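Structure record follows, encoded as structure tokens.
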Amino acid sequence: MLLKNKKILITGLANKYSIASGIAAAMHREGAELAFTYQNERLLKNLEPLAKEYGSEILIECDVSKDDSIEKSFEELRKRWNTFDGFVHSIGFAPADQLTGNFVDVTTREGFKVAHDISSYSFTALAKASKPMLNDSSALLTLTYLGAIQTMPNYNVMGLAKASLEANTRFLAASMGADNVRVNAISAGPIKTLAASGVKNFRKMLSQHSSRAPLGRTVTIEEVGNVAAFLCSDYASGITGEITYVDAGFNTAAMPLVEFSDS
Ligand code: 0WD
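Residue numbers (the numbering used here): 416 to 678.
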């Protein structure tokens, strides 16, 4: 079991389709003890049965857009765990009007601010709040997307926020390495979740992905979960500051092979 004796906090589990759900399942299977945060009361209902399935009764409210909510949530966590071994940041958000249309026309100062605050700064904020409670050999993990380094329709300001999140991963890795805390990101291929349905024409992105990816398909939350479990385990003790792609190879292929085959 990869994660025996590890205590890991999981954020961003909105429902069973969430990437965080695939991660929790893999980590539970690998022997980790889990705790969960949820954004608000509305999401608690979805989380409760899933957390139970993953062997956890530690459910804590945490809205990462508010410092006092983060502070309170760690006070709550400390009542259950004195120390722990890392967290998964599986949170992203931009206002819906930012994710439809031509980037230069639709992007606003407020939309830019919110996207970066919730999708990138919150990773730093959670690292800061966790720091005094982290054991030696802890690991922090976040979820990013190819929009950080390449353009695509409608992803817009979320691409900028993911670019910030990837730099955040490297700076946190440098900043926390002396305490033997590792910080990594998984760049997942497109997966149909609640957050993804906010991106206009997401279904088209899924089919484009399958036609160009070397594996000829999209990826599942289970596949992302398995890599997350590895990255948070001591088997990955030499890996930090990295962006690991779990995307069926999409980012490595410039053109779909099939359109150039002679047969
Ligand atoms: O194709 C995809 N689905 C990909 C997602 C490809 C590559 C990366 N990702 C990223 C997302 O950008 C995000 O960072 O993975 C992460 C998880 O996203 P998900 O699993 O696709 O989406 P979802 O199940 O909706 O979980 C994201 C959750 C929120 O759900 P909703 O949809 O209700 O906004 O992030 C949480 C919330 O639970 N969240 C917050 N949590 C605390 N405080 C906040 C907040 N202020 N805002 C959003």
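Ideal Cβ positions, reconstructed from N, Cα and C, are used throughout, including at glycine.
Nothing here was measured: the structure is a model prediction, and the numbers come from that model.
Distance from the C-beta of Tyr-536 to the nearest heavy atom of ligand 1 is not below 7 Å. In this structure, Val-596 keeps its C-beta atom at 8 Å or more from the C-beta atom of Ser-537. Exposed is the label assigned to Lys-546, since fewer than 16 other Cβ atoms lie within 10 Å of its Cβ. Linking Gly-470 to Leu-492 through their CA atoms gives a straight-line distance of about 16 Å. DSSP, read as helix, strand or coil, puts Glu-456 in helix.
As DSSP reads the structure, Ala-450 sits in a beta bridge with Leu-424. Here Asp-551 carries a strand assignment [DSSP, helix/strand/coil].
With a cutoff of 7 Å, Cys-647 does not count as near ligand 1, since its C-beta is closer than that to no heavy atom of the ligand. Beta-bridge annotation (DSSP): Leu-558 is paired with Ile-601. When the Cα atoms are used, Ile-658 and Thr-635 turn out to be separated by approximately 18 Å. Approximately 6 Å separates the beta-carbon atoms of Thr-584 and Thr-557; this is inside 8 Å, confirming the contact. Under the DSSP assignment, Leu-474 falls in the beta strand (DSSP E) whose first and last residues are 474-476.
The bridge partners DSSP lists for Ile-658 are Ala-600. Looking at the backbone, the Cα of Met-548 and that of Ser-622 are separated by about 43 Å. The beta-carbon distance between Val-519 and Ala-643, rounded to whole angstroms, is 35 Å. This is too long to meet the 8 Å contact definition.
Excluding residues up to 5 positions away in sequence, Tyr-432 and Ser-433 lie with their Cβ nearer than 6 Å to the Cβ of Thr-608 in the same chain. Judged by DSSP secondary structure, Val-503 falls within the beta strand (DSSP E) whose first and last residues are 499-504.
In this structure the segment 660-677 does not touch the segment 446-457; the number of beta carbon pairs closer than 8 Å is below three. In terms of CA proximity to Ala-435, Glu-637 leads the group Glu-637, Ser-648, Leu-646 and Pro-629. Shown here, Leu-465 sits in a helix according to DSSP, grouped into three states. By the Cβ neighbour-count rule, Leu-630 is exposed, with fewer than 16 other Cβ atoms within 10 Å of its own. In the structure shown, Ile-438 adopts helical secondary structure according to DSSP, grouped into three states. Excluding residues up to 5 positions away in sequence, Ala-447 and Asp-500 lie with their Cβ nearer than 6 Å to the Cβ of Lys-421 in the same chain. For the pair Ala-544 and Phe-508, the CB atoms are not nearer than the 8 Å cut-off. By the C-beta density criterion, Ala-576 is buried, having at least 16 other C-beta atoms within 10 angstroms. Here Asn-583 carries a helix assignment [DSSP, helix/strand/coil]. The beta carbon of Ala-429 sits closer than 7 Å to at least one heavy atom of ligand 1. With respect to Ser-602, Tyr-660 sits close: the two C-beta atoms are nearer than 8 Å.
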